[in-house]
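Undergrad:
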Amino acid sequence: MRWILLLLLAVCDQLSWGKKRTLVQGLRGVLYARFAGSMARLLQLCGGAVGAIVTCPLDVVKTRLQSSGSLAGIRPMESRRSTCLISNIASVDGNTVRFVRGHAPQTAPSLLRCLQTIVEKEGMRSLFRGLGPNLVGMAPSRAIYFAAYSRAKDKFSTIFQPSSSLVHISSAACAGFITNTCVNPIWLVKTRLQLYARHRDECSLTALQCTRHVYRTEGIRGFYRGITASYVGILETIIYFTLYEAMKDSLLRNSTTQNSIDGPKKAIDFLHIMFAAAISKSCACCLAYPHEVGRTRLREEGTKYRSFVQTLLLVVREEGYRALYRGLQAHLLRQIPNTALTMATYELVVHLFSS
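Going left to right, the sequence shown walks through residues -18 to -1, 1 to 337 as mature numbering (1 follows the signal peptide of the UniProt record, and there is no 0) numbers them.
1. Identify, in the order they occur along the chain, each residue of the same chain with its Cβ nearer than 8 Å to the Cβ of Met120, setting aside the five sequence neighbours on each side.
2. Does the stretch 307 to 315 touch the stretch 42 to 51, meaning 3 or more C-beta pairs lie closer than 8 Å?
3. Taking the C-alpha atoms as reference points, what is the distance between Val165 and Pro122?
4. In three-state terms, what does DSSP make of Gln311?
5. Quick check on DSSP: helix, strand or coil for Phe142?
6. Could you pull the start and end residues of the alpha helix (DSSP H) that Ala154 belongs to?
7. Is it a yes or a no for the stretch 254 to 261 touching the stretch 271 to 287, going by three-plus beta-carbon pairs under 8 Å?
8. Please report the distance separating the alpha-carbon of Asp231 from that of Arg174.
9. Sorted by chain position, which residues of the same chain lie with C-beta nearer than 7 Å to Ala157's C-beta, five sequence neighbours on each side aside?
10. Following the continuous alpha helix (DSSP H) through residue 338, name the residue where it begins and the one where it ends.
11. Skipping 5 residues on each side, what residues in its chain have a beta carbon closer than 7 Å to that of Tyr222?
12. According to the Cβ coordinates, are Cys38 and Leu109 closer than 8 Å?
13. Under 8 Å, do Tyr213 and Phe159 count as touching if we go by C-beta distance?
14. Looking at the secondary structure, which residues open and close the alpha helix (DSSP H) in which Lys103 lies?
15. When the Cα atoms are used, what is the spatial distance from Ala211 to Gln48?
16. For Leu97 and Phe138, I'd like the C-alpha separation in whole angstroms.
17. Is Arg279 closer than 8 Å to Gly287 when the C-beta atoms are compared?
18. Apart from the five residues on each side of it in sequence, which residues of its chain come closer than 7 Å, Cβ to Cβ, to Met229?
19. Give every residue of the same chain whose Cβ lies closer than 6 Å to the Cβ of Glu227, excluding the five residues on either side of it in the sequence, and list them in chain order.
20. So what does DSSP say about Leu187, is it helix, strand or coil?
21. Is Gly112 helix, strand or coil when you go by DSSP?
22. Could you check how far apart the C-beta atoms of Gly208 and Arg281 are, in whole angstroms? I think they sit under 8 Å.
23. Could you check what DSSP says for Gly119 in three-state terms: helix, strand or coil?
24. As a quick exercise: from Lys172, Glu301, Thr324 and Leu294, pick the residue whose alpha carbon is nearest that of Val118.
25. Do Ala326 and Ile255 count as a contact pair if the criterion is CB distance below 8 Å?
26. Would you report the Cα separation of Glu102 and Leu330, rounded to the nearest angstrom?
27. In whole angstroms, what is the alpha-carbon distance linking Gly204 and Thr324?
28. Rounded C-beta distance between Ala312 and Leu93? I'm assuming under 8 Å.
29. May I have the straight-line CA-CA distance separating Leu253 from Val36, to the nearest angstrom?
30. Gln317 to Leu217, Cα distance in whole Å?
This is the structure we're talking about:
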């Protein structure tokens, strides 16, 4: 009864704006005012889900290339020793590859070669491994991040100069820390599933089985393996948002000046927003990508990697500096379009609420 009265009062308020408004128009205005934000969020989640499904094969390839067994179809979930991942001899694409003292070869396969190998040996379904946890973790991670970023931005704007770089950096750091702490268990399960290589005639590992396995063998702490690398990855977020806010403000300022001459002003130029997001994400990914490799290595089960710094030093010593950038091509192909669409949708939601 209470909601009916509130709805009637809102309709009357809508009708009071003009005599020509009908009851249907007033009701439509109320429904739009109440549910526009929810619909925008729903569209944002749907767009993110579609993007995750389409780019899932790239995510699987990126994770396989980052792992210590990227060249031999090694199963990190079954590997219990660090110096001998499975055996000293393995077959890759019909060729015999010999490991030197249990370490992987120095040369990584290309993105297309890795993709072809997965399809030939494991089937098409393996290209979508980890999709379930990815979809499950998408909504809470984005909701937590954007909520924390907005709240922190409002708070830091009262402490520092509003819209300054220090405000954006502090807000991005706080939001990244909170989000990584909350959803790291979901991403660990996703990584384990993507690293679990199987043959066509073998049963696939489910997310629930993987979760039980991690809890039974490693306990609660096992779900937070690689969390230090995720915290280091906050630097990528800081770089991204700092560049994004600066580029967005500059592009929109120039666009507003141009529109004042040639035509009516626009509230938000979404093409400029997507361009700023794409360029900023590219720069941030290239600068901070080694933490992605370190995080994947730390999330492998039973490996020799113990801490973030130790992992990076060991990778460089055994495989060279180029190993810190394995999978970068797949990462950029996946992240740039997703980030551009996500930020454009987010700015649309903010614009709808502000207007």
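C-beta: ideal position from N, C-alpha, C; glycine also. The model shown is predicted, which means the values in this text are computed figures rather than measured ones.
TA: Let's see:
1. Leu27, Gly30, Ala31 and Ala34
2. The answer is yes - the stretch 307 to 315 touches the stretch 42 to 51, with three or more Cβ pairs under 8 Å.
3. 8 Å
4. helix
5. coil
6. It spans Ser147 to Leu177 - the alpha helix (DSSP H) in which Ala154 sits, taken as one unbroken run.
7. no
8. 40 Å
9. Tyr127, Ala130, Tyr131 and Ala134
10. No answer is possible for residue 338: it lies beyond the span of the chain, which begins at -18 and ends at 337.
11. Ser262, Lys263 and Ala266
12. A contact, by the Cβ cut-off of 8 Å.
13. yes
14. Where Lys103 is concerned, the enclosing alpha helix (DSSP H) stretches over Leu93 to Glu104.
15. 14 Å
16. If I take the Cα positions, the gap works out to 45 Å.
17. A small correction: the amino acid at residue 287 is Tyr; Gly does not occupy that position in the sequence shown. Yes; because the gap between Cβ atoms is below 8 Å, this pair is in contact.
18. Ala258, Ile261 and Ser262
19. His150
20. coil
21. coil
22. 4 Å
23. Three-state result, Gly119: helix.
24. Lys172
25. yes
26. 42 Å
27. Looking at the two C-alpha atoms, the distance is approximately 31 Å.
28. 5 Å
29. 22 Å
30. 16 Å
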